[in-house]
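For reference, the structure is listed below as structure tokens.
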Amino acid sequence: MHDTLLLTHTTLIAAPGTRGPEHDMTVVVRDGSIVTVGRTAEVPVPRGARVMDLSGKYVIPGLVDMHTHSHGPAELVAQLYVLTGVTTVREMWGTPAVRAGRDRVDQGEFPGPRWVIASTLVDGRPSLWTDDASPVPVVEAGTEAEVREAVRRIKQEDADFIKVYSRLTREVYLALADEARRQGIPYAGHCPDAVPVTEASDAGQRTIEHLHPLLTATSSEQYQPTLRRELEDGLKVDPTDTGSISRCRCWFRRVHQLESLAARSYDPERAGRVFDRLAANGTYVTPTLGIHHVMERQDTLPNRAPEWVHLPGWLTGAWPSQLEELMGGRTEQEYANVRDLNAHHTRIVGELHRHGVPLLAGTDSGAPYLVPGFALHQELEHLTLAGLGAAHALRAATTTPAHALGLEALLGTIEPGKAADLVVLDADPLDDIRNTQRIDSVVTRGHLIDRAERRRLLAQIAQGAAELKPPAGTAS
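The numbering of the sequence shown is numbering that gives the first Met the number 0, which starts it at 0 and goes up by one.
Here it is as structure tokens:
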């Protein structure tokens with residue numbers, strides 16, 4: 000057993016989007032931390048150290064997926080993350096199962112990422128999510144008193160942050176924001192339908208997830224009364240409908256109709272004012288372009304992809320029907336409008352970047368067609384297609400998440416004192432962002448998973464996934 004690991008003769012991309020590549024460098028790792036970074040010729044080799052000559056390789060900080068839903072067997076999901084270079088994840092729906100998985104990783108039972116875990120959803124009444132599809136009970140808060148009590152309870156339960164959701168009324172949301180400030184706990188998630196995104200930003204919401212509220216906020220002035228009236232009325236759902244899929248299908252259909260109207264009436268000047276306000280407030284946006292693509296461009300989705308082998312066939316086989324349940328029943332014109340929305344969402348992300356709004360790479364993995372770990376690399380591709388250069392796309396998965404999480408002393412760059420979470424690549428990701436997928440090895444919490452071990456573990460996961468039986472009551 001080696002106490003010290005040296006990665007030598009490598010090219011470091013130590014602070015993506017901040018400074019350029021540094022050639023012929025050595026990183027020294029000990030006890031889970033980076034202890035030295037320097038020119039290879041200037042770094043002595045400690046006695047008994049394990050030395051990896053990485054000539055021709057590139058080393059980047061461990062990647063962060065800022066929007067995940069870690070459904071499925073904890074050991075499988077956790078290992079998929081780190082084996083794809085995703086060494087930290089932010090779980091957006093806290094459950095006992097996810098917390099138990101984090102504990103098992105922290106205790107060294109199997110490799111896995113660092114987890115930042117939300118509370119359960121705090122939503123309005125009625126919530127979009129009901130017991131038929133909810134992994135844990137949702138907090139439905141219909142009054143200011145109820146939401147303040149929910150915030151205090153979440154604080155006591157030691158969640159890392161509060162997950163806010165779409166159905167909160169404006170008054171209840173503002174009470175949540177006030178109580179969260181009092182309790183010293185951050186809140187993040189959806190911008191509620193009834194709350195303008197600029198007001199959520201002013202109130203202190205840490206991150207805005209998805210792009211829905213940004214489209215309605217950037218429509219021209221003449222359409223704002225119509226859009227705001229619909230949104231403030233709460234995009235009514237039937238409280239007697241107890242099925243989450245049915246409620247979500249109705250909600251998404253109406254949201255997409257409003258987004259299509261907003262896209263057709265897009266006002267660049269108004270959009271600039273909105274984005275400048277978000278940037279001035281330091282509000283982070285997680286575009287989740289991957290899930291937008293899944294929902295808006297069903298015509299481009301694959302029947303099979305190589306990474307699907309790492310999930311059970313009964314799970315991936317159910318994806319088309321799950322998506323049809325959620326998005327079905329539309330007219331041809333509605334489908335065409337949704338396809339057009341996808342290009343507009345990409346345009347919005349480019350504009351956010353140009354206005355200096357800090358962007359976070361997040362996937363919504365756990366949803367259909369998004370395989371944990373692999374989906375983040377696809378998200379990086381989407382970000383570059385939106386106009387971010389490769390360096391800034393990498394920044395959205397490294398340094399910017401570290402700041403958003405308040406973990407910049409631990410994560411995000413390669414420098415002494417930081418956690419030894421590193422990804423070794425066979426090719427330069429600044430030349431082509433797809434090179435983040437060309438992984439040679441991974442260092443997680445100071446532990447090296449070299450090329451051979453990584454291949455062995457991925458094959459083991461694929462075999463285990465093939466043998467995994469569906470939960471009782473699940474159609475196979």
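All C-beta atoms in this analysis are idealised placements derived from N, C-alpha and C, irrespective of residue type, glycine included.
* To do: Look up Ser218 in the DSSP assignment and give the residues it is bridged to.
  => Tyr265
* **Close Cβ partners of Arg338 (< 8 Å) along its chain, the five nearest in sequence each way excluded** => Glu295, Arg296, Asp298
* Go ahead and pull the three-state DSSP assignment for Thr35. => strand
* Beta bridge counterpart(s) of Val44 as assigned by DSSP -> According to DSSP, Val44 bridges with nothing at all.
* According to DSSP, what are the bridge partners of His446? -> Thr443
* Asked: Where does Glu466 land, buried or exposed, given buried means 16+ other C-beta within 10 angstroms?
  -> exposed
* Drop a sphere of 10 angstroms on the beta-carbon of Val44, count the other beta-carbons inside from all chains shown, and report buried for 16 or more, exposed for fewer. => exposed
* To do: Leaving aside the five residues before and after Val146 along the sequence, list all residues of the same chain whose C-beta is less than 6 Å from its C-beta, in chain order.
  => Ala140, Val171, Ala174, Leu175
* Asked: Between Gly355 and His391, what straight-line distance do the alpha-carbon atoms span, to the nearest angstrom?
  -> 11 Å
* Asked: Quick one: Cα of Glu258 to Cα of Arg166, how far?
  -> 17 Å
* Asked: Leaving out five residues before and five after Glu311 in sequence, what residues of the same chain have Cβ atoms less than 6 Å from its Cβ?
  -> In the sequence as displayed, the identity of residue 311 is Pro instead of Glu. Only Ala464, Leu467 meet the Cβ criterion.
* Could you give the C-beta distance for Val150 and Ala179, rounded to a whole number, given that I count them as a contact under 8 Å? -> 6 Å
* Asked: Ordered along the chain, which non-local residues of its own chain (more than five positions away) have a Cβ less than 8 Å from that of Pro191?
  -> Gly123, Val163, Tyr164, Ser165, Arg166, Leu167, Thr168, Arg169, Tyr172, Ala199
* Asked: Should Gln377 be labelled buried (16 or more other beta-carbon atoms within 10 Å of its own) or exposed?
  -> buried
* **Minimum C-alpha distance to Ile347 - residue among Glu333, Thr383, Ala374** => Thr383
* Asked: In this structure, does DSSP put Ile153 in helix, strand or coil?
  -> helix
* Pairing CB atoms from the segment 313 to 327 with CB atoms from the segment 418 to 436, are three or more of them under 8 Å? -> no
* Using the C-alpha atoms, what's the distance from Pro185 back to Gln204? -> 7 Å
* Give the range of the alpha helix (DSSP H) segment to which Ala73 is assigned. => 73 to 82
* Please confirm whether Gly111 and Asp420 have their CB atoms less than 8 Å apart. => no
* Asked: Exposed or buried, which one is Pro136 when buried takes at least 16 other CB atoms within 10 Å?
  -> exposed
* So the beta strand (DSSP E) Met91 belongs to, where does it begin and stop? -> Met91 -> no beta strand (DSSP E), and no H or E assigned at all.
* Could you spell out where the beta strand (DSSP E) holding Gly188 opens and where it closes? => 186 to 188
* Asked: Can you tell which of Pro428, Ala451, Met326 has the C-alpha that lies nearest to the C-alpha of Glu380?
  -> Pro428
* Go through its chain and collect everything with a Cβ distance to Leu127's Cβ below 8 Å, but skip five positions before and after it. => Tyr164, Ser165, Arg166, Val236, Ser243, Arg246, Cys247, Trp250
* Distance, Glu414 Cα to Val138 Cα -> 41 Å
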